[in-house]
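Everything below concerns the one structure shown next.
In our numbering, the protein residues as written are 49 to 365.
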């Protein structure tokens, strides 16, 4: 039996890619408001219905009509910006981030559609800060309980401990426990080392830099950075880091670039996609900034593949 997947806040398809790579699933429908990301999704999942819409304007009955019934599994990644400490504009009151912030309240739209679609399993990804205070945690669990899900699990997963060559700690909120087996450490160079002088992979165009930026980059040692930005509560976050080839990379973010471990240039989109374990045949469209954003705002594919196996195991008893 093929299990039907609906993907909400789908981005470029990193979460869905892991399910597609696991036999037994079919991606039926995705919802994504961003034009470039929805085009990337359509290109890579040509058999799926892709709705480039505001999720507030979509009902469960719309989705049932388009896919011919209820899905077996609903996955999705509502925006994390209202919750993450990297956002200097984050609302001070934690509950306001969920109920007052326009982006934060999109989490409630995910729960609304999960309630209406009644899938066997749902999995919602976000930053750990979405449950980072007692009040937020209680509110999230209460909203899922009101939607009919009494048993809800807050699964904290660290990507670099599960086979990803970049660090990423996220919570996967689900009605099943998700406990994949730990894996060995995968380094940056294992992920991208074979791409030098390759011209047969998409999204691997090298960005030309001006002389000033080349000088700045040439002075960087492993783990050094060019700039910093201030997040919530004045927290300083380094960007444009020269990667250490012998360790996993820092968290890949949508607005970031990494510097190549050995060359004086930024990583290409494909190299950053490798750090998120996207297969090379997953092609990104849009401007260069759009493509970097699509890569960074995703679930690492190795992680989504492990989650898909957990879901399959739960459905098969």
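Ideal placement from N, C-alpha and C gives every residue a C-beta, glycine not left out.
Rounded straight-line distance, which links the Cα of residue j to that of residue i
i: residue 243; j: residue 213; result: 15 Å
i: residue 262; j: residue 313; result: 7 Å
i: residue 66; j: residue 196; result: 27 Å
i: residue 253; j: residue 351; result: 26 Å
i: residue 93; j: residue 58; result: 11 Å
i: residue 304; j: residue 100; result: 25 Å
i: residue 229; j: residue 187; result: 30 Å
i: residue 256; j: residue 135; result: 30 Å
i: residue 258; j: residue 315; result: 16 Å
i: residue 129; j: residue 146; result: 11 Å
i: residue 238; j: residue 272; result: 20 Å
i: residue 68; j: residue 49; result: 14 Å
i: residue 290; j: residue 198; result: 46 Å
i: residue 137; j: residue 365; result: 44 Å
i: residue 335; j: residue 284; result: 28 Å
i: residue 339; j: residue 277; result: 21 Å
i: residue 113; j: residue 96; result: 14 Å
i: residue 151; j: residue 355; result: 25 Å
i: residue 268; j: residue 260; result: 13 Å
i: residue 247; j: residue 192; result: 48 Å
Test item: CB-CB of residue i and residue j under 8 Å
i: residue 217; j: residue 173; result: no
i: residue 288; j: residue 299; result: no
i: residue 107; j: residue 360; result: no
i: residue 168; j: residue 323; result: no
i: residue 118; j: residue 166; result: yes
i: residue 200; j: residue 221; result: yes
i: residue 75; j: residue 111; result: no
i: residue 179; j: residue 122; result: no
i: residue 296; j: residue 270; result: no
i: residue 116; j: residue 346; result: no
i: residue 293; j: residue 234; result: no
i: residue 318; j: residue 245; result: no
i: residue 249; j: residue 328; result: yes
i: residue 307; j: residue 265; result: yes
Chain-order list of residues whose beta-carbon lies under 6 Å from that of residue i (same chain, five-residue window excluded)
i: residue 132; result: 175, 177
i: residue 341; result: 302
i: residue 183; result: 142, 143
i: residue 321; result: 343
i: residue 286; result: 273, 276
i: residue 64; result: 55, 75
Residues near residue i by beta carbon distance below 7 Å, same chain, minus five either side
i: residue 157; result: 103, 104
i: residue 89; result: 58, 60, 61, 78, 80, 98
i: residue 91; result: 331, 333
i: residue 72; result: 50, 51, 360
i: residue 353; result: 66, 69, 70
Other residues of its chain near residue i: CB distance less than 8 Å, five sequence neighbours each side excluded
i: residue 203; result: 219, 220, 221, 222, 225, 226, 227
i: residue 120; result: 51, 52, 53, 167, 168, 169, 363
i: residue 153; result: 146, 147
i: residue 149; result: 130, 139
i: residue 357; result: 70, 228
CB contact below 8 Å: residue i versus chain D
i: residue 230; result: No chain D is present in this structure, which holds just one protein chain.
Any contact of the stretch 155–162 with the stretch 199–213, i.e. 3+ C-beta pairs under 8 Å? no
What are the complete beta strand (DSSP E) segments, minimum 3 residues, inside the stretch 88–141? 97–99, 121–124
Alpha helix (DSSP H) runs wholly inside the stretch 286–358, at least 4 long, in chain order: 317–323, 336–344
What are the uninterrupted segments assigned as alpha helix (DSSP H) that are 4 or more residues long and contained completely in the stretch 59–89, given in chain order? 62–68
Could you pull out every unbroken beta strand (DSSP E) segment of at least 3 residues lying fully inside the stretch 186–252, listed in chain order? 201–206, 217–222
Touching by the beta-carbon criterion (3+ pairs, under 8 Å), the stretch 135–154 and the stretch 66–85: no
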